[in-house]
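Engineer: Handing you this structure, nothing more for now.
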Amino acid sequence: MLKLSTLAGRCGALRLSIIQTASMASAPEMIKVEKVGAKKNVALITLNRPKAFNALCHQLMNELSTAIKELDADTSVGAVVLTGSQKAFAAGADIKEMVNREFAQTFQGRFLEEWTAVSDASKPVIAAVNGYALGGGCELAMMCDIIYAGDKAQFGQPEVNIGTIPGAGGTQRWTRVAGKSMAMEVCLTGNRVSAQEAKECGLVSKVFPSEQVVDEAVKLGEKIADQSPLIVQMVKEAVNSAYETTLREGLRYERRLFHTTFATNDRKEGMAAFAEKRTPKWTSS
Numbered sequence: 099m100l101k102l103s104t105l106a107g108r109c110g111a112l113r114l115s116i117i118q119t120a121s122m123a124s125a126p127e128m129i130k131v132e133k134v135g136a137k138k139n140v141a142l143i144t145l146n147r148p149k150a151f152n153a154l155c156h157q158l159m160n161e162l163s164t165a166i167k168e169l170d171a172d173t174s175v176g177a178v179v180l181t182g183s184q185k186a187f188a189a190g191a192d193i194k195e196m197v198n199r200e201f202a203q204t205f206q207g208r209f210l211e212e213w214t215a216v217s218d219a220s221k222p223v224i225a226a227v228n229g230y231a232l233g234g235g236c237e238l239a240m241m242c243d244i245i246y247a248g249d250k251a252q253f254g255q256p257e258v259n260i261g262t263i264p265g266a267g268g269t270q271r272w273t274r275v276a277g278k279s280m281a282m283e284v285c286l287t288g289n290r291v292s293a294q295e296a297k298e299c300g301l302v303s304k305v306f307p308s309e310q311v312v313d314e315a316v317k318l319g320e321k322i323a324d325q326s327p328l329i330v331q332m333v334k335e336a337v338n339s340a341y342e343t344t345l346r347e348g349l350r351y352e353r354r355l356f357h358t359t360f361a362t363n364d365r366k367e368g369m370a371a372f373a374e375k376r377t378p379k380w381t382s383s
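So, in structure tokens, the structure goes:
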């Protein structure tokens, strides 16, 4: 017969094992989250799909959404910094996940609506951008409240090259930030915008040498985190109130048009050609 102390020890070990297993199961795989700064009051989220240039797949965006919501509720955190790697902040949405999607599935499933956690956060989110911020990656950066860029960063909306349009705010936020002409050029051509050009048009707040941009973003986060959390939230809401006037309707309209591209042959052809590494053959149908 087992002694009570032995049984209790085994039960305790089993309980610890279950807790550890549950913790491991829930740990994010495609992002890294840590508290940084002298007071550890700034959260640093690093997108971590290096082989895919941080392409924004469903799992990554779910993990990011969960992390943002948890940090928003964490009273020890006053600001959040979001970054990627030296090569890519995020090179876009994961096209492989979209190649075989159809209109009904995309529209009824409210595709991309779960991407709003960053822009909905009550705490300031600072994007520290190095390398590529293209397509969904550029849209993700624009969802943040402030963008700091490395001097080699490149921004753009290349969706037109694969037979679709930006679906997470590209047409709307570029227009509000840089004006109609710049937004049209970026979204109609897929041309990339340098860090300096992005600063000149108002997309980016400051440009730093690439190796300094994360540290500078953290310093900014520390300065913000030292302010009154209540006042910081009020300031953010006030600025966004000016910025987002009629934006919600614009985003809804953009999303509907994005969904509609999944009823076209050119969207299918564009994504298939991308996956097969060939030049697409457009039919305007």
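The sequence shown begins at 99 in this note's numbering and counts up one residue at a time.
Positions of the beta carbon are idealized from the N, C-alpha and C atoms, including for glycine.
1. Under the assumption that glycine 268 contacts cysteine 285 (Cβ atoms under 8 Å), give the Cβ distance between them as a whole number of angstroms.
2. Which one or two residues does DSSP pair with isoleucine 143 in a beta bridge?
3. Taking the alpha-carbon positions, what's the tryptophan 272 to isoleucine 322 distance?
4. Near leucine 388, which residues of its chain fall below 6 Å by C-beta distance, leaving aside the five closest residues on each side in sequence?
5. Which same chain residues end up closer than 7 Å to glutamate 283 when comparing Cβ atoms and leaving out the 5 residues on each side of it in sequence?
6. Between Lys185, Cys236, Ser292 and Ile244, which lies nearest to asparagine 68 when the distance is taken from Cα to Cα?
7. Could you check if valine 337 is buried or exposed, using at least 16 other CB atoms within 10 Å of its CB as the buried criterion?
8. Given a threshold of 16 other Cβ atoms within 10 Å of its Cβ, counted over all protein chains shown, does cysteine 251 qualify as buried or as exposed?
9. Measuring CA to CA, which of Gly248, Glu195, Ala276 and Phe151 is closest to lysine 366?
10. Can you find the residues in the same chain that come closer than 8 Å, C-beta to C-beta, to glutamine 157, ignoring five residues on each side of it along the sequence?
11. Please list the segments of the beta strand (DSSP E) lying wholly inside the segment 273-329, counting only runs of 3 or more residues, in order along the chain.
12. So what's lysine 366 in DSSP terms, helix, strand or just coil?
13. Which of the three DSSP states is assigned to valine 258 in this structure?
14. Throw me the rounded Cβ distance for the threonine 262 and phenylalanine 356 pair, which I believe falls under 8 Å.
15. Please identify the residue among Gly368, Thr214, Gln325 and Ala189 whose C-alpha is closest to the C-alpha of threonine 173.
16. Which residues does DSSP list as the beta-bridge partners of tyrosine 341?
Structural biologist: Result, derived from the coordinates:
1. The C-beta distance from glycine 268 to cysteine 285 rounds to 6 Å, short enough to fall under 8 Å.
2. Val131 and Leu180, per the DSSP bridge assignment.
3. Cα to Cα, the separation comes out at about 25 Å.
4. Residue 388 falls outside the range modelled here, since the chain spans only 99 to 383, and no answer is possible.
5. So the list reads Asn289, once near-sequence residues are dropped.
6. The displayed coordinates of the chain run from 99 to 383. Any statement about residue 68 would go beyond what the structure contains.
7. Exposed is the call here.
8. Position check: residue 251 holds alanine in this sequence, whereas cysteine was assumed. Around the C-beta of alanine 251, 16 or more other C-beta atoms lie within 10 Å, and the residue is accordingly described as buried.
9. Just measuring C-alpha positions, the residue of Gly248, Glu195, Ala276 and Phe151 sitting nearest lysine 366 is Glu195.
10. Taken in chain order, the residues that qualify are Glu127 and Met128.
11. Within the segment 273-329, complete beta strand (DSSP E) segments of at least 3 residues are found at 304-306, given in chain order.
12. Taken through DSSP and simplified to helix, strand or coil, lysine 366 comes out as helix.
13. Of the three classes helix, strand and coil, the one that applies to valine 258 here is helix, per DSSP.
14. Right, the Cβ-Cβ distance comes to about 7 Å (below 8 Å), so this counts as a contact.
15. With distances taken between Cα atoms, threonine 173 lies closest to Gln325.
16. Beta-bridge analysis with DSSP links tyrosine 341 to no other residue.
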